[in-house]
Amino acid sequence: MDAELKSLEAKVGQFIELCQRLRADNQDLRQQLASAVNQSKRLEEKISIAAVRLEALLNQMPAEDEA
64 MDAELKSLEA
74 KVGQFIELCQ
84 RLRADNQDLR
94 QQLASAVNQS
104 KRLEEKISIA
114 AVRLEALLNQ
124 MPAEDEA
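In structure tokens, the structure reads:
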């Protein structure tokens, strides 16, 4: 009986360690995801700005029949 309790105690301890490790990993992944989402938003904004600038430049070019 004592051996069974010690075995169960060891398994519970391992389970607690696993839960703590998974919780820490989950927090790290959440931070990485937030960073990736922010970077994606910044890149989308840069692409949008570049598209607006390109459109403005294209509008400044004379048409082929005008050249």
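Counting from 1, position 61 in the sequence shown corresponds to residue 124 in this note's numbering; the numbering is continuous, with no gaps. The C-beta atom is built at its ideal place from N, Cα and C for all residues, glycine as well.
Helix or strand or just coil, what does DSSP make of A87?
helix
In three-state terms, what does DSSP make of E97?
Checking the sequence shown, residue 97 turns out to be Ala, not Glu. In the structure shown, A97 sits in a helix (DSSP, three-state: H, G or I).
Which of helix, strand or coil does DSSP assign to A113?
helix
Closer than 8 angstroms by C-beta to Q94: which residues in its own chain qualify, once you throw out the five before and the five after it? Chain order, please.
none
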